[in-house]
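Peer 1: My questions all concern the structure below.
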Amino acid sequence: VTKTIQNNQKNLNVNAEKESINAMQNHGLKVHSLDKNDFELWRSEVRKMTPELRGNIIPTQIYDKVIELTN
-12 VTKTIQNNQK NLNVNAEKES INAMQNHGLK VHSLDKNDFE LWRSEVRKMT
38 PELRGNIIPT QIYDKVIELT N
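Quick note, in this note's numbering, the sequence shown goes up one by one and the last residue is 58.
Okay, structure coming up:
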């Protein structure tokens, strides 16, 4: 039961995210997709900033979870 609720909530969040992005695009947002090289560059920059971000600006648990989800 818990897994079903969790999956339903995840689907709702994904749909809400897509709708939000579409609404912002309708108001002029430009969405740029990253290729593999750009993504790796972004990850490299995040790694450089980790000592400043993790635990100082972003709570450690949240930072670690975001990194886990983007790996």
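Each residue gets a CB set at the ideal place from its N, CA and C atoms; glycine is no exception.
Predicted model only: the values in this text are computed from it and were never measured.
Is it the case that the Cβ atoms of Ile8 and Val18 are separated by a distance below 8 Å?
Peer 2: Position 21 of the sequence shown, counted from the first residue, corresponds to residue 8. Position 31 of the sequence shown, counted from the first residue, corresponds to residue 18. Against a cut-off of 8 Å, the Cβ pair of Val18 and Ile8 comes out as a contact.
Peer 1: Going along the chain, which residues of its own chain have a beta-carbon closer than 8 Å to the beta-carbon of Gly95, five neighbours each way excluded?
Peer 2: Summary: the structure shown does not reach residue 95, with the chain confined to residues -12 through 58, and so no result is reported for it.
Peer 1: Between the Cα of Arg34 and those of Gln12, Gln(-7), Val(-12) and Val53, spot the shortest distance and give me the residue it belongs to.
Peer 2: Taking the first residue of the sequence shown as position 1, residue 34 is located at position 47. Closest option to Arg34, Cα to Cα, is Val53.
Peer 1: Less than 8 Å between the beta carbons of Trp29 and Leu21, yes or no?
Peer 2: In the sequence shown, counting from the first residue as 1, residue 29 sits at position 42. In the sequence shown, counting from the first residue as 1, residue 21 sits at position 34. Yes, the pair counts as a contact, with Cβ atoms nearer than the cut-off.
Peer 1: Scan the stretch 31 to 57 and note each continuous alpha helix (DSSP H) run of 4 residues or more that stays entirely inside, going in chain order.
Peer 2: The qualifying runs are 47 to 57.
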